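Okay, so here's the structure we're looking at.
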Amino acid sequence: MSVVELTQSNFDETISNNEIVIIDFWAPWCGPCLQFAPTFKEASEKIEGVTFAKVNTEEEQSLGAHFGIRSIPTLMIFRESIGIFSQPGSMTAKDLEDLLSKAKSIDMDEVRKELENQQES
């Protein structure tokens with residue numbers, strides 16, 4: 003599967019129309035981002051059931067600001083439109099596979115219950 007370029011105009015639609023979305027916040031001047039890009043692309047071709055997306059923080063500064071991106075690359079995962087992971091830094095292909103495997107195994111009913119409890123307090 004190819005990597006989706008996320009913009010302000012397609013962000014919400016991409017998040018809501020895909021069960022799991024992993025986003026790489028990056029910039030063209032960022033050395034670690036450029037080093038991580040092939041790993042991210044290879045994973046997108048190998049791992050089923052996940053939408054891989056990238057946000058160019060130079061072109062989409064409002065998205066970077068909205069999510070408080072202060073360091074790039076930053077990886078973020080949404081599952082069922084809920085943010086379940088956010089961490090700056092790149093990772094190895096194995097760590098990326100392991101992370102996505104864990105994201106697939108999360109009990110989203112538990113996550114929704116926890117979010118409801120947080121909103122009530």
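FYI, the numbering for the sequence shown is 3 to 123, going by the numbering used here.
All C-beta atoms in this analysis are idealised placements derived from N, C-alpha and C, irrespective of residue type, glycine included.
Owing to the predicted nature of the structure, the values given are computational and were not obtained by experimental measurement.
- For serine 88, the enclosing beta strand (DSSP E) covers residues 84 to 90.
- In the structure shown, threonine 76 adopts extended strand secondary structure according to DSSP, grouped into three states.
- Of the candidates Gly66, Phe87 and Glu99, Glu99 places its Cα closest to the Cα of glutamate 44.
- Residue environment analysis places serine 103 among the exposed positions, since fewer than 16 neighbouring C-beta atoms fall within 10 angstroms of its C-beta.
- In summary, proline 75 is buried, with 16 or more beta-carbon neighbours lying within 10 Å of its beta-carbon over all protein chains present.
- In this structure, Val5 is the residue among Lys48, Gly70, Val5 and Asn20 with its C-alpha nearest to the C-alpha of alanine 39.
- Taking 7 Å as the cut-off, the Cβ atoms of threonine 53 and asparagine 20 count as close.
- Looking only at Ala95, Glu62, Met110 and Glu116, the smallest Cα-Cα distance to glutamate 47 is reached by Ala95.
- Just so you know, the alpha carbons of phenylalanine 87 and tryptophan 31 end up roughly 25 Å apart.
- If the five residues before and after alanine 105 are omitted, its C-beta is found closer than 7 Å to the C-beta atoms of Ile22, Ile79, Arg81, Ile86 and Phe87, all from its own chain and listed in chain order.
- Shortest Cα-Cα distance from alanine 29 to any of Gly91, Lys115 and Gly51 involves Gly91.
- With respect to the 7 Å criterion, serine 123 and serine 83 are not classified as neighbours on the basis of their beta carbons.
- Per the DSSP secondary-structure output, glutamate 61 pairs with nothing in a beta bridge.
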